[in-house]
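What follows is a set of notes on a single structure, which appears directly below.
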Amino acid sequence: MTGLAPRDDVDVIAAGVGPVEAALGTARALATKRYDAVINAGIAGGFRERCTVGDAVVCARDDYAELGLEDGTAFPLPGGIALQRSAEAHASLLEPFLAGLIPVIVGRGVTSAIVTSTTARALVLAHRFRADVESMEGFAVLRAAALAGVPAVEIRGVSNLVGDRASNEWNFRAGAEAAVATTDALLNVLLTV
29 MTGLAPRDDV
39 DVIAAGVGPV
49 EAALGTARAL
59 ATKRYDAVIN
69 AGIAGGFRER
79 CTVGDAVVCA
89 RDDYAELGLE
99 DGTAFPLPGG
109 IALQRSAEAH
119 ASLLEPFLAG
129 LIPVIVGRGV
139 TSAIVTSTTA
149 RALVLAHRFR
159 ADVESMEGFA
169 VLRAAALAGV
179 PAVEIRGVSN
189 LVGDRASNEW
199 NFRAGAEAAV
209 ATTDALLNVL
219 LTV
């Protein structure tokens, strides 16, 4: 991630854009080297009334919007297979935020394979998932790390509000700066322990 303080003990990996590429890129990285933790940091859209452009949000949980039935209800699959529609950040990586060592919004994310561009869809996602932010990678990275047995956390900097793009003001710099500052703060806590 551009802007992070240089560190010999941290690898910055661009795992990919979108849930498929992010999951594959994360799995590939975790298969080639042993890591103590995964920090998924990037920009996101913030849901109105929950955050504003430039806020930092740490997602304690992230749900995948396009998996399963559209209304969110469950359905039986053969052999007792269950759809994994949510992933959680590791408690040890959330602790510095929950303890107030790093001031951010600790909330929830929703991952979508598409960028929400209508107010109607934004309202549905915000209500159904009680999400603070929308990204295209959060669930995928958390899930890939969990399957590899590596603690993970998701950090998002809000670059825009979710919904009607015509009325949004996008600020990629503000979102990126929030994500970088929060990631640096977490690394400072983790690497001094």
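In this note's numbering, the protein residues as written are 29 to 221.
C-beta atoms are modelled at their ideal positions from N, C-alpha and C, and glycine is treated no differently.
Remember, it's a predicted structure, so these values are computed and weren't measured experimentally.
Practice item. Spell out a yes or no on whether the stretch 116 to 126 and the stretch 180 to 192 are touching, meaning 3 or more CB-CB pairs, one atom from each, closer than 8 Å. Key: yes
Point to revise | Three or more C-beta pairs below 8 Å linking the stretch 101 to 116 and the stretch 200 to 215 | key: no
Check your understanding: Just the Cα atoms here: how many angstroms apart are L105 and L32?
Key -> 44 Å
Point to revise | From A51, G191, D36 and L214, residue whose alpha carbon lies closest to that of A42 | key: The shortest Cα separation from A42 among A51, G191, D36 and L214 belongs to A51.
Point to revise | 9 Å Cβ cutoff, G107 in contact with chain C | key: No chain C is part of this structure, which consists of one protein chain only.
Check your understanding: Is the CB-CB distance between R56 and A88 below 9 Å?
Key -> No. Outside cutoff.
Practice item. Please check the pair P47 and A141, which I expect to be a contact at CB under 8 Å, by giving their CB distance rounded to whole angstroms. Key: P47 to A141, Cβ: 6 Å. Contact.
Exercise for review: Compute the distance between the beta-carbons of R35 and L219, then report whether it is under 9 Å.
Suggested key: yes
Review point. Taking the alpha helix (DSSP H) that G53 falls in, what are its first and last residues?
Key: P47 to T60
Practice item. Decide if the stretch 155 to 173 is in contact with the stretch 119 to 131; the criterion is three or more beta carbon pairs, one per stretch, under 8 Å apart. Key: no
Point to revise | DSSP state of G107 mapped onto helix, strand, coil | key: Of the three classes helix, strand and coil, the one that applies to G107 here is helix, per DSSP.
Review point. Would T139 pass as a contact of V190 if the rule is Cβ separation under 9 Å?
Key: no
Exercise for review: Use the C-beta contact count for T80: other C-beta atoms within 10 angstroms, 16 or more gives buried, fewer gives exposed.
Suggested key: exposed
Practice item. Return the CA-CA distance between Y92 and G74, expressed in angstroms with no decimal places. Key: Y92 and G74: Cα-Cα distance of roughly 16 Å.
Review point. Between the beta-carbon of V152 and the beta-carbon of V86, is there less than 9 Å?
Key: no
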